[in-house]
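Q: Using the working numbering, read the sequence shown as starting at 383 and increasing by one per residue.
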Amino acid sequence: WRRMNAQARADILLKIADKISEKRDKFAMLDTIDNGKPLREAEGDIDDGIHCFRYYAGLITKPYGGVYDVNDGFGEMHSYTVHEPVGVCGQITPWNYPFLMAVWKLAPAIAAGNSVVFKPSSNTPLSTIALFEIFDEVELPKGCVNLVLGSGGTVGQEIAESKDVDMVTFTGSTEVGQGIARAAVGNLKKVGLELGGKSPNIIFADADFEGAVEWAMVGIFFNQGEVCSAGSRIIIEESLKDKFVARLAEKANAMTIGNPVNNPDMGPLVSKEHMETVLKYIEIGKKEGATLVCGGERYIEGECAEGYYVRPTIFDNCTSEMTIVKEEIFGPVVTIQT
Numbered sequence: 383w384r385r386m387n388a389q390a391r392a393d394i395l396l397k398i399a400d401k402i403s404e405k406r407d408k409f410a411m412l413d414t415i416d417n418g419k420p421l422r423e424a425e426g427d428i429d430d431g432i433h434c435f436r437y438y439a440g441l442i443t444k445p446y447g448g449v450y451d452v453n454d455g456f457g458e459m460h461s462y463t464v465h466e467p468v469g470v471c472g473q474i475t476p477w478n479y480p481f482l483m484a485v486w487k488l489a490p491a492i493a494a495g496n497s498v499v500f501k502p503s504s505n506t507p508l509s510t511i512a513l514f515e516i517f518d519e520v521e522l523p524k525g526c527v528n529l530v531l532g533s534g535g536t537v538g539q540e541i542a543e544s545k546d547v548d549m550v551t552f553t554g555s556t557e558v559g560q561g562i563a564r565a566a567v568g569n570l571k572k573v574g575l576e577l578g579g580k581s582p583n584i585i586f587a588d589a590d591f592e593g594a595v596e597w598a599m600v601g602i603f604f605n606q607g608e609v610c611s612a613g614s615r616i617i618i619e620e621s622l623k624d625k626f627v628a629r630l631a632e633k634a635n636a637m638t639i640g641n642p643v644n645n646p647d648m649g650p651l652v653s654k655e656h657m658e659t660v661l662k663y664i665e666i667g668k669k670e671g672a673t674l675v676c677g678g679e680r681y682i683e684g685e686c687a688e689g690y691y692v693r694p695t696i697f698d699n700c701t702s703e704m705t706i707v708k709e710e711i712f713g714p715v716v717t718i719q720t
């Protein structure tokens, strides 16, 4: 695979993109029923994945590397740089963007001539399995991409520790990422980590008010707040705070919650275990003195009674010492500070 010329590899990536495009609706539905995100959001993920394969198909056919004239004391010489494949890449992805995270890791790796051992989240493997079926259809060389299903503690640990893996890349929690890094140190493999976050939205009094409210809503409630870059902290100029919180709560209370196939504003969280974690953080916020403005509980109306739904939650009067301000919740919970 690494010896195949760039144009031939690019042609295969374009075939992959075309095959995904033909099955776009299937891939979107798989992510929706597996993850719980509204169908329209899953459709956007599939479209982004298609563009990603096409982007790297174009990129790898362009000239790269460089030639430099140098004089090292022995006369004029030429030095040049050459980009080579890393080798075997171990890739471990999370459950919040099952298809798109897979593509973001797989497309550049195989475009550059690497082989991959890939482990998706055990919570959401369906769209990845379907993607690997497409790899078979376009006749990627056997062994170029390898799908391994299982728990992170078993399969992920083996990938991180294996001497046969030249690089490991992981997207997920900070705690697990630290474990991946420690395991990889033993054989000095390259490591790429994209871990947790606690991103702030900073809003001043002269901001476009409705625009700020709308983007704050998107920042925390998109994908049920299960986003590592979610705007889970709002830091706002004090003179605007009360008006802003009232409007934010009004819009949050008006959000529709339900079966993600029907395109509500919010679907369920990914699992019962994760729902319980989010609800635990909400209780911690109450106990530590934050003011619960709205939400703060499981949503159990109608067909959602047996699902893992949590109402969009806003906490006001938060301080930097509070657990809900310091720790990633990874759910539809936002804190307000001035």
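C-beta atoms are modelled at their ideal positions from N, C-alpha and C, and glycine is treated no differently.
For Phe517 and Leu577, I'd like the C-alpha separation in whole angstroms.
A: Taking the first residue of the sequence shown as 1, we reach residue 517 at position 135. Taking the first residue of the sequence shown as 1, we reach residue 577 at position 195. Taking the straight line from one Cα to the other gives about 28 Å.
Q: Which of helix, strand or coil does DSSP assign to Arg693?
A: As a first step, residue 693 is located in the sequence shown; it is residue number 311 there, counting from the start. Looking at Arg693 - three-state DSSP - the assignment turns out to be coil, as it is neither helix nor strand.
Q: Can you name the residues that DSSP bridges to Asp416?
A: Counting from one through the sequence shown, the residue named residue 416 turns up at place 34. For Asp416, which the question treats as bridged, DSSP gives no partner whatsoever.
Q: For Thr475, write down the residues that DSSP places opposite it in a beta bridge.
A: By one-based count along the sequence shown, residue 475 stands at place 93. Answer by DSSP bridge pairing: none, since Thr475 is not bridged.
Q: Assign His460 to one of two classes, buried (16 or more other C-beta atoms within 10 Å of its C-beta) or exposed (fewer than that).
A: Looking up residue 460 in the sequence shown gives position 78. The residue is exposed, with fewer than 16 neighbouring Cβ atoms inside 10 Å.
Q: State the CB to CB distance for the pair Ser509 and Asp416, rounded to an integer number of angstroms; the pair is presumed to be in contact (CB under 8 Å).
A: One-based indexing of the sequence shown puts residue 509 at position 127. One-based indexing of the sequence shown puts residue 416 at position 34. Indeed, because the Cβ distance is near 7 Å, the residues count as touching under 8 Å.
Q: Kindly indicate the opening and closing residues of the beta strand (DSSP E) around Lys572.
A: The residue labelled residue 572 in the question sits at position 190 within the sequence shown. Looking at the DSSP string, the run of the beta strand (DSSP E) that includes Lys572 is 572 to 576.
Q: Can you look up Met648 in the DSSP assignment and give me helix, strand or coil?
A: For the purposes of this step, residue 648 is taken as the residue at position 266 of the sequence shown. Residue state, collapsed to three classes: strand.
Q: Nearest to Tyr681 by CA position, among Ala489, Ala672, Glu592, Val692, is which residue?
A: Indexing the sequence shown from 1 puts residue 681 at position 299. Residue Val692 is the option with its Cα nearest to Tyr681.
Q: In the DSSP output, what is Leu674 paired with across the bridge?
A: Counted from its first residue, the sequence shown places residue 674 at position 292. DSSP output for Leu674 lists Phe697 as bridge partner(s).
Q: Does the Cβ of Gln606 have 16 or more other Cβ atoms within 10 Å, making it buried, or fewer, making it exposed?
A: Here residue 606 corresponds to residue number 224 of the sequence shown, with the count starting at 1. By the neighbour-count rule (16 or more Cβ atoms within 10 Å), Gln606 is buried.
Q: Express the C-alpha separation of Pro523 and Gly470 in angstroms, rounding to a whole number.
A: Here residue 470 refers to the residue found at position 88 of the sequence shown. Here residue 523 refers to the residue found at position 141 of the sequence shown. Just to set this straight, residue 470 is Val in the shown sequence, not Gly. In this structure, the straight-line span from the alpha carbon of Val470 to that of Pro523 is close to 14 Å.
Q: Rounded to whole angstroms, what's the CA-CA distance from Lys419 to Glu608? Just pull it up for me.
A: Here residue 419 is taken as the residue at index 37 of the sequence shown, counted from 1. Here residue 608 is taken as the residue at index 226 of the sequence shown, counted from 1. Each residue's Cα considered, the two are about 9 Å apart.
Q: In chain order, what are the residue ranges of uninterrupted beta strand (DSSP E) at least 3 long that sit wholly in the region 581 to 642?
A: 582 to 585, 615 to 618
Q: Throw me the rounded Cβ distance for the Ile618 and Phe626 pair, which I believe falls under 8 Å.
A: By one-based count along the sequence shown, residue 618 stands at place 236. By one-based count along the sequence shown, residue 626 stands at place 244. At roughly 6 Å, the Cβ-Cβ gap stays under 8 Å, so Ile618 and Phe626 are in contact.
Q: Quick check: Asn528 and Phe500, are their CB atoms within less than 8 Å of each other?
A: Here residue 528 corresponds to residue number 146 of the sequence shown, with the count starting at 1. Here residue 500 corresponds to residue number 118 of the sequence shown, with the count starting at 1. Yes. Within cutoff.
Q: Please report the Cβ distance between Asn645 and Arg422, rounded to the nearest whole angstrom; I am assuming they are in contact, meaning their Cβ atoms lie under 8 Å.
A: For the purposes of this step, residue 645 is identified with residue 263 of the sequence shown, where counting begins at 1. For the purposes of this step, residue 422 is identified with residue 40 of the sequence shown, where counting begins at 1. With 8 Å as the limit, Asn645 and Arg422 qualify as a contact, their Cβ atoms being about 5 Å apart.
Q: Check whether the Cβ atoms of Val498 and Leu482 lie closer than 8 Å to each other.
A: Numbered from 1 along the sequence shown, position 116 holds the residue referred to as residue 498. Numbered from 1 along the sequence shown, position 100 holds the residue referred to as residue 482. It is not a contact, given that the beta carbons lie outside the stated cut-off.
Q: Mark Ala587 as exposed unless 16 or more other C-beta atoms lie within 10 angstroms of its C-beta, in which case mark it buried.
A: Against the sequence shown, residue 587 aligns to sequence position 205. Its Cβ having fewer than 16 others within 10 Å, Ala587 is exposed.
Q: From what residue to what residue does the alpha helix (DSSP H) around His656 run?
A: Indexing the sequence shown from 1 puts residue 656 at position 274. Per DSSP, His656 belongs to the alpha helix (DSSP H) from 654 to 669.
Q: Return helix, strand or coil for Glu458, following the three-state DSSP convention.
A: Within the sequence shown, the letter at position 76 stands for residue 458. Here Glu458 sits in strand by DSSP.
Q: What is the DSSP secondary structure of Gly448, reduced to helix, strand or coil?
A: Start at 1 with the first residue of the sequence shown, and residue 448 comes out as number 66. Per DSSP, reduced to three states, the secondary structure at Gly448 is strand.
Q: Would DSSP call Val485 helix, strand or coil?
A: Position 103 of the sequence shown, counted from the first residue, corresponds to residue 485. Look at Val485 here: in three-state DSSP terms it is helix.
Q: Span of the beta strand (DSSP E) holding Thr717?
A: Sequence index remark: in the sequence shown, residue 717 carries index 335 (1-based). Looking at the DSSP string, the run of the beta strand (DSSP E) that includes Thr717 is 715 to 719.
Q: Which two residues bound the contiguous alpha helix (DSSP H) that contains Leu395?
A: Within the sequence shown, the letter at position 13 stands for residue 395. Run containing Leu395: 388 to 404, per the alpha helix (DSSP H) assignment.
Q: Can you round the beta-carbon distance between Gly554 and Val485 to whole angstroms, since I take them to be within the 8 Å contact cut?
A: On the sequence shown, residue 554 is found 172 positions in, with the first residue counted as 1. On the sequence shown, residue 485 is found 103 positions in, with the first residue counted as 1. Not quite, the Cβ-Cβ distance comes to about 17 Å (not below 8 Å), so this is no contact.
Q: Which whole-angstrom value is the C-beta distance of Asp548 and Lys572, which I expect to be below 8 Å?
A: Here the question's residue 548 lines up with position 166 in the sequence shown. Here the question's residue 572 lines up with position 190 in the sequence shown. Yes, they are in contact, since the Cβ atoms of Asp548 and Lys572 sit about 7 Å apart, within 8 Å.
Q: Report the option in Asp647, Met599, Leu674, Val643 whose CA atom is closest to the CA atom of Asp413.
A: Stepping through the sequence shown from its first residue, residue 413 is reached at position 31. When only C-alpha atoms are compared, the closest one is Val643.
Q: Along the chain, where does the alpha helix (DSSP H) that runs through Ser509 open and close?
A: Taking the first residue of the sequence shown as position 1, residue 509 is located at position 127. Segment 508 to 519, the alpha helix (DSSP H) holding Ser509.
Q: Relative to the alpha-carbon of Gly601, which residue among Ile442, Ala542, Glu655, Gly579 has its alpha-carbon at the smallest distance?
A: By one-based count along the sequence shown, residue 601 stands at place 219. The shortest Cα separation from Gly601 among Ile442, Ala542, Glu655, Gly579 belongs to Gly579.
Q: Quick check on this structure: which residue in Ser702, Ala491, Trp383, Pro714 has the alpha carbon closest to the alpha carbon of Glu695?
A: For the purposes of this step, residue 695 is identified with residue 313 of the sequence shown, where counting begins at 1. Checking the sequence shown, residue 695 turns out to be Thr, not Glu. Cα-wise, what sits closest to Thr695 is Pro714.
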